[in-house]
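Chains as they are written, first to last, in the numbering used here: chain H, 6 to 173; chain S, 3 to 246.
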């Protein structure tokens, strides 16, 4: 989350709660609602590393709030993140390891492992469908995020089928 | 009530040098209102199975029961009459009537089955509207894109509110927006009690089903329910992306 927060702060200085709201509004329901404590812990670390600076702002009849600014060093780190190619998704191989190794132990056979996993993926897909239906169509960022998850899941299912064809 | 039942259904293609078994002893029961998706690799017998269920392909042996009536022994013309009232089809090839408009293509099955023209028209308007095709009602099939023709074929299959909807890759030609319309319509008719048996490799469509049947080499290797883990909304929605 470090770099996401740096990116938001590059737009404008903000306090922790504003950052939480900005994340929620941008990514919608597809984004895990960030814990405010986690945001403050991350901001504290960024401050320690010299990537952001905090300034106390006085508020009438409330305690001071800390507003965070991006430092020059923070901007360098952010630019590096943006410029670098992003690592591609890795194969989520936990199931594959199970599929290859479990039959050797006699605990499970491959056919039933694949069948169960297929139904599990379909149940996940149904949740994504529901999530997409509940998402404001005007929030293109959230909709695209869900669509991306669906395409990955479709690939997982296709791969499962290949495993079934070749390993059984 | 059981809508569809097969008993030890077998299909062997014997045209070539060696007989090829495509479906090898399938026992399948589908209850009224159920949505069953059939998945499996190509060559696993999925299409052959649904073709036999709709009387488009003869079985080699075994039984097919539709709505309590044995149908695998019917003549071709008796099948045609039965299909008109009880079975809707959507297949990879759309088979629309070329010299009729989209609207007439969709109304035709209902009119053939003796539905009042007024009701057939209302149903057609609803279906074309749901599939975002209202403006194409007066077009000829040849003027439509592949995706549009496929949606018209779906509308036609549903025009009659058939006892059983059979579909073979009904979203094969659709982009993601059109797929969304099709998904919505399928959910709607399923909620209204439509029984559906569908072959698809599209996980979005498959995930609407109540039950997933997996075929491999012409045999059922898995038949189970797709669980509904949550009743929508609530807390757990934020799992699409992972924070590090």
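Yeah, the Cβ is synthetic: ideal placement off N, Cα and C, and Gly gets one too.
Per DSSP, cross-strand counterpart(s) of residue i
i	result
residue 145(H)	Answer is none; residue 145(H) lacks a bridge partner.
residue 71(H)	61(H)
residue 7(H)	In DSSP, residue 7(H) forms no bridge with anything.
residue 168(H)	In DSSP, residue 168(H) forms no bridge with anything.
residue 19(H)	73(H)
residue 127(S)	DSSP, once it has assigned bridges, lists no residue as partnering residue 127(S).
residue 169(S)	92(S), 200(S)
residue 37(S)	198(S)
residue 6(S)	32(S), 68(S)
residue 15(S)	22(S)
residue 222(S)	217(S)
residue 227(S)	213(S)
residue 63(S)	12(S)
Residue from the options whose Cα sits closest to the Cα of residue i
i	options	result
residue 225(S)	171(H), 161(H), 123(H), 107(H)	123(H)
residue 169(H)	116(H), 146(H), 130(H)	116(H)
residue 4(S)	66(S), 175(S), 14(S)	66(S)
residue 164(H)	42(S), 8(S), 36(S), 25(S)	42(S)
residue 7(S)	201(S), 181(S), 69(S), 49(S)	69(S)
residue 166(H)	37(S), 46(S), 175(S)	46(S)
residue 33(H)	99(H), 150(H), 78(H), 70(H)	150(H)
residue 58(S)	83(S), 117(S), 38(S), 34(S)	83(S)
residue 62(H)	72(H), 102(H), 132(H), 85(H)	72(H)
residue 15(S)	94(S), 36(S), 54(S), 89(S)	54(S)
residue 119(S)	153(S), 34(S), 161(S)	161(S)
residue 156(S)	72(S), 29(S), 186(S)	186(S)
residue 14(H)	40(H), 35(H), 52(H)	52(H)
residue 89(S)	159(S), 202(S), 216(S), 142(S)	159(S)
residue 127(S)	214(S), 109(S), 93(S)	109(S)
residue 172(H)	140(H), 126(H), 118(H), 93(H)	118(H)
residue 141(S)	151(S), 32(S), 133(S)	151(S)
residue 79(H)	57(H), 22(H), 19(H)	57(H)
residue 164(S)	96(S), 137(S), 198(S)	198(S)
residue 49(S)	205(S), 113(S), 168(S), 193(S)	168(S)
residue 11(H)	35(H), 38(H), 45(H)	45(H)
residue 94(S)	219(S), 32(S), 175(S), 113(S)	175(S)
residue 218(S)	182(S), 72(S), 18(S), 28(S)	28(S)
residue 188(S)	75(S), 39(S), 113(S)	39(S)
Assigned exposure category for residue i - 16 Cβ within 10 Å defines buried
i	result
residue 155(H)	buried
residue 74(H)	exposed
residue 143(H)	exposed
residue 11(S)	buried
residue 237(S)	Bear in mind that the predicted position of residue 237(S) carries a pLDDT of just 39, short of 50, making it unreliable; the figure below should be weighed with that in mind. The residue in question, residue 237(S), is exposed, as its Cβ has fewer than 16 Cβ neighbours within 10 Å.
residue 44(S)	exposed
residue 130(H)	buried
residue 145(S)	exposed
residue 61(S)	buried
residue 245(S)	Here residue 245(S) scores only 48 on pLDDT, less than 50, and its place in the model should not be relied on; the value that follows carries that caveat. With fewer than 16 other Cβ atoms within 10 Å, it is exposed.
residue 229(S)	exposed
residue 109(H)	exposed
residue 222(S)	buried
residue 209(S)	buried
residue 180(S)	buried
residue 216(S)	buried
residue 91(S)	buried
residue 41(H)	exposed
residue 13(S)	buried
residue 85(S)	buried
residue 107(S)	buried
residue 134(H)	buried
Chain-ordered chain S contacts of residue i [CB-CB under 8 Å]
i	result
residue 158(H)	205
residue 126(H)	205
residue 134(H)	185, 206, 209, 210
Residue i: contacting residues in chain S (beta-carbon distance under 7 Å)
i	result
residue 109(H)	Result: empty, since nearest Cβ-Cβ is about 21 Å, beyond 7 Å.
residue 166(H)	43
residue 170(H)	43
residue 162(H)	205
residue 23(H)	Ordered by position in chain S, no residue passes the 7 Å Cβ test against residue 23(H), which lies about 18 Å from the chain.
residue 155(H)	206
Contact set between residue i and chain H, taken where Cβ atoms lie within less than 8 Å
i	result
residue 230(S)	128, 131
residue 178(S)	152
Closer than 9 Å at the beta carbon, the chain H residues around residue i
i	result
residue 224(S)	116, 117, 119, 120, 121, 123, 124
residue 218(S)	116, 169, 170, 173
Next item on the list: May I have a chain-ordered list of the beta strand (DSSP E) segments no shorter than 3 residues that lie completely inside the stretch 67 to 138 of chain H?
Entry: 67 to 75
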